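Numbering follows numbering that gives the first Met the number 0, with no gaps: position 155 of the sequence shown is 154.
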Amino acid sequence: MFNPLGVNPGYAGSRDAISGVLVHRSQWVGLDGAPITQVLSIHSPLKNQNMALGFQLINDKIGPRTTQDISLVYAYKIKLGKGKLAFGLRGGILNYQYDWAKIDYRDQDDAIPTTTNESFILPNFDFGIYYNTNKFYAGIALDHLNEAQYNLSVIDTSTSVAKKHINGTATIGRAFGLTEKLTLKTSAIMRGQNKQGFLDINASMLFNNKFLFGITLTSRQTLIFLTEFNISSQFKIGYAYDYTATQLSNGGSHEIFIGYDFLKHKSQVVSPRYF
C-alpha cells in the first residue's frame, strides 16, 4: 500500500531525492498465526540522473514461517515526453525459516514434517518498467523471475516442493487538480498470482497538499480506508485499515508507515509529488 518500490523496482529514484519508507502491517488481527510484515526501503537517483539505486528489507511472519527478503535495486531512466521511462531490476535473497512446533496437527493423516525447524536461502530476481510524470504513472513488473524452489521434509513422503512462481503486476495512477487546494488521486493495480487475478481500485482526496483520505475497493471482498498527513514537503505519515467481509475479518488489518525524503537543498521542492 505505502511502498511503491516493493511493487515495481523501476520506481527507484522517481522522487528525485534519497527517499526512505518504514512500513508495519498486521493482517487479520485476532487470528492466531496471522501475517505480520515490516518493510524498510530506501532509494535515490545517482549523480548521473539516468540511474538510481535502492535497498529493501522485508520481514514477514505467517503461521510457522518467517521470511526475510533482502534486495538491491538498480534502475535506468530515459526522458520520454513530459516524464521518464525507467527499467528496474531487483536482485537479492529470500531466507525462509519454518518452526513446525507452532502447528497443531489434529488430523493423523496430515503430512507432518520430519524435523522441528527448517531453513532455506534462495536467490530472487524481479524486473519492472515504470513511467511517471508529476501527475501520472504506469508500470508493469514481474516477480520471482528465476522461480526458485526448495524441498520441505514431511512424514510418509520424500519431500514436499515449495516453488516461487512468476507473478505479474500492472499499475496506473493519475492526479486531477479539482481546485487550487483540492486534488483527486486515482489509481488501480492488477496482480496475477498463481493463475489468479486480483484488482484494486483507489480514489483519494488530497486537501491543500497536506491531508489525504481515500478508499480502495478490491476484488477480494475487502474495503481499504487510508489516510496520509504530509507534515512537510519531506516528511509524511499514513495509516490504512482493511475491512474484509469474510470469516477472516476479525479485527481487520492495520498498516502504518513513515516516509521521508532527504533533499540536498530546498530548491528541489518545485512542485508537489503526488506519487
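Beta carbons: idealized from backbone N, C-alpha and C, even for Gly. Model, not experiment: these values are computed from the prediction.
- Query: Any idea which residues DSSP pairs V160 with across the strands?
  - Reply: N150
- Message: Rounding to the nearest angstrom, what Cα-Cα distance links L84 and Y136 in this structure?
- Response: 10 Å
- Task: With DSSP collapsed to three states, give me the class of V269.
- Result: Summary for V269: the model assigns pLDDT 49, below 50, so the residue's position carries little reliability, and this model does not support an answer.
- Message: By DSSP's criteria, I41 is part of a beta bridge. Which residues make up the other side?
- Response: G19 and F54
- Message: With the cut-off set at 9 Å, would you say I257 and F234 are in Cβ contact?
- Response: yes
- Message: Between which residues of its own chain and N7 is the CB-CB distance below 6 Å, once the five residues before and five after are set aside?
- Response: G127, Y129, G138 and A140
- Item | Delimiting residues of the beta strand (DSSP E) encompassing G9 | That residue, G9, is in no beta strand (DSSP E); it is neither H nor E in DSSP.
- Message: My output table needs one value for K134: the three-state DSSP class, helix, strand or coil.
- Response: coil
- What's the gap between the Cα of N286 and the Cα of Y75? Outside the displayed range of the chain (0 to 274) lies residue 286, so it cannot be described from this structure.
- Query: Just how far apart, CA to CA, sit V72 and S40?
  - Reply: 10 Å
- Message: Can you tell me whether K235 is helix, strand or coil according to DSSP?
- Response: strand
- Which of helix, strand or coil DSSP assigns to A100: helix
- Message: Beta-carbon within less than 7 Å of N131's beta-carbon, same chain only, minus the 5 sequence neighbours each way: which residues are those?
- Response: S13, G82, K83 and F274
- Task: Determine the direct distance from the alpha carbon of F212 to that of V269, and round the result to whole angstroms.
- Result: Residue confidence is low: V269 scores 49 on pLDDT, short of 50, so the model does not pin down where it sits. Its coordinate-derived value is still stated next. V269 and F212: Cα-Cα distance of roughly 24 Å.
- Since A202 contacts L222 with CB under 8 Å, what's their CB separation in whole angstroms? At roughly 12 Å, the Cβ-Cβ gap does not stay under 8 Å, so A202 and L222 are not in contact.
- How is R219 classed by DSSP in three states: helix, strand or coil? coil
- Task: Report, in whole angstroms, the separation of the C-beta atoms of K101 and G62, which I expect to be a contact under 8 Å.
- Result: 7 Å
- Message: Spatial neighbours of N229 within its chain, please: C-beta separation below 7 Å, excluding the five flanking residues on both sides.
- Response: N208, K209 and K235
- Take F86 and list the residues in its own chain whose beta-carbon comes closer than 7 Å to its own, dropping the five residues that flank it on each side. G9, A74, Y75 and I128
- Item | Continuous beta strand (DSSP E) stretch holding G176: start and end | N166 to G176
- Task: Kindly indicate which residue of I57, G29 and N49 has the alpha-carbon position closest to the one of V22.
- Result: I57
- Query: According to the Cβ coordinates, are G251 and V28 closer than 9 Å?
  - Reply: yes
- Task: Classify K83 as helix, strand or coil using the three-state DSSP reduction.
- Result: strand
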